Amino acid sequence: DVKVTQSSRYLVKRTGEKVFLECVQDMDHENMFWYRQDPGLGLRLIYFSYDVKMKEKGDIPEGYSVSREKKERFSLILESASTNQTSMYLCASKATSQYNEQFFGPGTRLTVL
Amino acid sequence: GNSVTQMEGPVTLSEEAFLTINCTYTATGYPSLFWYVQYPGEGLQLLLKATKADDKGSNKGFEATYRKETTSFHLEKGSVQVSDSAVYFCAQVKIQGAQKLVFGQGTRLTINP
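So the protein sequences, as listed, match chains Z and H. Residues 1 to 113, numbered by my numbering, are exactly what the first sequence covers, in order. Residues 1 to 113, numbered by my numbering, are exactly what the second sequence covers, in order.
Written out as structure tokens, the structure reads:
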């Protein structure tokens, strides 16, 4: 059974803290993605990675950075958390073919106080 | 550019009613199309997909047909159940754009017994 796991389901942080969200996939997929999901806005792509150590900005990269040191792991970093980064964060992975779907993790609900 | 437009929600139906959730897309070429479902408190799961024109995707009683003439991929189910209550997302893959998905804004479906 294919799996994408995220390190936390719920996280509460304070403004200014550095926050790490971890994502691991066991499918040997080349591509991994970080989205945020907000009511009325759907899913918005923050960053994605198409190979180890490779990354590309998505639609809303400001305030975020990412790290992919190993193929199975993709980390999202909030350098200095702000209240407007309170959101649901979803990680996904995908094999390289336009016919293949993305597989999603269960999500991390982050609250920044 | 690529975009996906979904029927506005929320949608509320009675059990055993017929369901249609509209989805139209704009794209260059013929991208693969997907419907994802998000049950309460969970990440997104692939519901069905179609990879070329006139393909019909189906799963769990849901169906959607890839119609290039109308650039649509409407989701249908003949008889909904309470357990179908969820948020439904239509998506297309960007052919040029390294595997990225473009999502609609999501439609929240509630089925009453």
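Built from N, CA and C at the ideal position, the CB exists for glycine as well. Being a predicted model, the structure only gives us computed values, none of them experimental.
- Excluding the 5 residues flanking it on each side, P61/Z has same chain C-beta neighbours closer than 7 angstroms at I46, Y47, in chain order.
- Its Cα nearest to that of V19/Z, the residue S65/Z stands out among M54/Z, S65/Z, S49/Z, T96/Z.
- Taking 8 angstroms as the Cβ-Cβ cut-off, the segment 60 to 71 of chain Z has no residue approaching chain H.
- Relative to G61/H, the option among P31/H, S72/H, L19/H, F73/H whose CA is nearest is L19/H.
- Ranking V102/H, I111/H, A53/H, N59/H by CA distance to the CA of Y30/H puts A53/H first.
- With the rule of 3 Cβ pairs closer than 8 angstroms, the segment 75 to 83 of chain Z does not count as touching the segment 11 to 26 of chain H.
- F34/H and K13/Z have their alpha carbons spaced roughly 35 angstroms apart.
- The bridge partners DSSP lists for R44/Z are R36/Z.
- For G29/H, there is no enclosing beta strand (DSSP E), as DSSP marks it with neither H nor E.
- Between Q6/Z and T108/Z the beta-carbon gap is near 5 angstroms, inside 8 angstroms, which marks them as a contact.
- Restricting attention to H74/H, G41/H, E42/H, Q105/H, the CA atom closest to the CA of K56/H is found in H74/H.
- Of the candidates G105/Z, T86/Z, V4/Z, the residue whose Cα lies closest to the Cα of T111/Z is T86/Z.
- Shortest Cα-Cα distance from S3/H to any of P113/H, A91/H, R108/H involves A91/H.
- Contact annotation: K53/Z and D26/Z have beta-carbon atoms that are not nearer than 8 angstroms.
- As DSSP reads the structure, F74/Z sits in a beta bridge with C23/Z.
- Not a single CB atom of chain Z sits nearer than 8 angstroms to the CB of K60/H.
- Proximity to F104/Z across E17/Z, Y10/Z, N31/Z peaks at N31/Z, based on C-alpha coordinates.
- Look at N84/Z here: in three-state DSSP terms it is helix.
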